[in-house]
Amino acid sequence: MTQLSNQHGVTKWAIGGHSAGGNTAASLVRKQLLPTNITTKVLLWGVGTTQDLAQSAADVQALCITASNDVFRKNSLGKGLKTFDHWGQGDWARLKHIEIQGGNHGGFADYPPQTYPRVDGTRTITLAEQHEQVVQATAEFLLAKHK
């Protein structure tokens, strides 16, 4: 990333992912495997935990978008992982959480109904509506100035 930044004049980067990809992005930030002077934003779509970001000293802002009918995320919370109730408060002020009402895990992408390792929740909004909400929130987050 540093080499690309130097070659192309990029001064700020964002990293993100959906589900396990989001957990990987958060882990890379926590382990400081990315240049912390240029990685300023983290996007997490449909992840079940925030523990990697909780343990991060990196000066990053994070946006986590979840869906109310995401069975995969709710299963993770049942394992004692942290909820997002503390986001936006105190040391967590740099972290923002949005929940899409009626969305599900598969609605962050565009794949058929999931049945493995468990059945996903039923989406009560259209796939297009979920995508539109995710894109809108993501764009606003990325275009906002880093504080």
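Letter 141 of the sequence shown, counting from 1, is numbered 168 in our numbering, and no numbers are missing. For glycine and all other residues, C-beta sits at the position ideal for the given N, C-alpha and C. As the structure is a computational prediction, the values presented were derived from the model and not from experiment.
Helix, strand or coil at residue i [DSSP, three-state]
i, result
"glycine 107", "Its pLDDT being 48, under 50, glycine 107 is placed unreliably by the model, and nothing is read from it."
"valine 146", "coil"
"valine 161", "helix"
"threonine 67", "strand"
"lysine 169", "Lysine is not the amino acid found at residue 169; the sequence shown has leucine there. In the structure shown, leucine 169 sits in a helix (DSSP, three-state: H, G or I)."
"threonine 153", "coil"
"glycine 133", "helix"
"threonine 51", "helix"
Within 8 Å, strictly: CB atoms of residue i and residue j
i, j, result
"valine 74", "threonine 66", "no"
"lysine 123", "leucine 90", "yes"
"glycine 148", "asparagine 96", "yes"
Residue burial classification, residue i (beta-carbon count within 10 angstroms, cutoff 16)
i, result
"valine 69", "buried"
"alanine 94", "buried"
"valine 161", "buried"
"arginine 100", "buried"
Among the options, nearest to residue i - alpha-carbon criterion
i, options, result
"lysine 39", "His124, His45, Met28 and Cys91", "Met28"
"valine 98", "Ile125, Leu71 and Ser46", "Ser46"
"glutamate 126", "Thr153, Asn50, Trp72 and Val37", "Trp72"
"valine 87", "Leu61, Arg100 and Asn96", "Leu61"
* To do: Inspect the CB distances between the stretch 127–145 and the stretch 165–172 and report whether three or more fall short of 8 Å.
  => No, because fewer than three Cβ pairs between the stretch 127–145 and the stretch 165–172 fall closer than 8 Å, the two stretches do not touch.
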